[in-house]
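Residue numbering for the sequence shown follows the numbering used here, starting at 2 and increasing by one per position.
Note that the Cβ used here is the ideal one computed from N, Cα and C, for glycine as well.
Quick caveat: nothing in here was measured; it's all calculated off a predicted structure.
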Amino acid sequence: MAKMKLSEGGFSLIAEGTHTFKVTKVDDSKYEDFGKLEVTLQTASGATHIERFGLTKQTGEVNEGALKAWSYFARTCLNNYEADEIDTQDIVGCYITATVKHEEFESNKEKGKMLKSARLNDYAVAVGFGSDKSEETTEDESGDADLDDFLND
Numbered sequence: 002m003a004k005m006k007l008s009e010g011g012f013s014l015i016a017e018g019t020h021t022f023k024v025t026k027v028d029d030s031k032y033e034d035f036g037k038l039e040v041t042l043q044t045a046s047g048a049t050h051i052e053r054f055g056l057t058k059q060t061g062e063v064n065e066g067a068l069k070a071w072s073y074f075a076r077t078c079l080n081n082y083e084a085d086e087i088d089t090q091d092i093v094g095c096y097i098t099a100t101v102k103h104e105e106f107e108s109n110k111e112k113g114k115m116l117k118s119a120r121l122n123d124y125a126v127a128v129g130f131g132s133d134k135s136e137e138t139t140e141d142e143s144g145d146a147d148l149d150d151f152l153n154d
């Protein structure tokens, strides 16, 4: 038998503020049939967030707003604002900086129950996690560099 430490808690939202994310996965399995994409993002500390893009309306028409949001997101990830077309998997491994804001909304399933979600906006190009000052710093209180931070990159 092996002893194993369990996690501290369940699901938690990424803190509000500016964070750098790495695109770790793009699930396009529902794109052809339903026009849906899910992009999994991860912070330097390992926290994850899923961005969802519904590119087709229920009527089958193109959702222009979602297509513009996806296009800007993908172009920012690739740092290529001239791109006309990409493979959805091209952004896996790319980094992006975004501002996280929490929004409250009423549950569709339970009337009166308020839920919270994290919304990303103000996308910017990032090169690795080094540009994320909100989550990891490379200097301790004395101002000396922490070698562990350099070795983990």
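Please report the residue range of the beta strand (DSSP E) in which residue i lies.
i: residue 49; result: 49-55
Rounded to whole angstroms, how far is the Cβ of residue i from the Cβ of residue j, which I believe are closer than 8 Å?
i: residue 96; j: residue 129; result: 6 Å
i: residue 99; j: residue 121; result: 4 Å
i: residue 52; j: residue 42; result: 6 Å
i: residue 114; j: residue 104; result: Rounded, the Cβ-Cβ distance is 15 Å, inconsistent with contact.
i: residue 17; j: residue 93; result: With 8 Å as the limit, residue 17 and residue 93 do not qualify as a contact, their Cβ atoms being about 26 Å apart.
i: residue 27; j: residue 89; result: 5 Å
i: residue 36; j: residue 55; result: 6 Å
Could you spell out where the alpha helix (DSSP H) holding residue i opens and where it closes?
i: residue 116; result: Element bounds for residue 116: not the alpha helix (DSSP H) but the beta strand (DSSP E), 115-127.
i: residue 14; result: No alpha helix (DSSP H) contains residue 14, which DSSP labels as neither H nor E.
i: residue 32; result: 32-35
i: residue 106; result: Run containing residue 106: none in the alpha helix (DSSP H); it sits in the beta strand (DSSP E), 96-107.
i: residue 65; result: 65-79
Taking C-beta to C-beta, are residue i and residue j nearer than 8 Å?
i: residue 77; j: residue 124; result: yes
i: residue 158; j: residue 127; result: The first residue shown for the chain is 2 and the last is 154, placing residue 158 beyond what the model contains.
i: residue 70; j: residue 87; result: no
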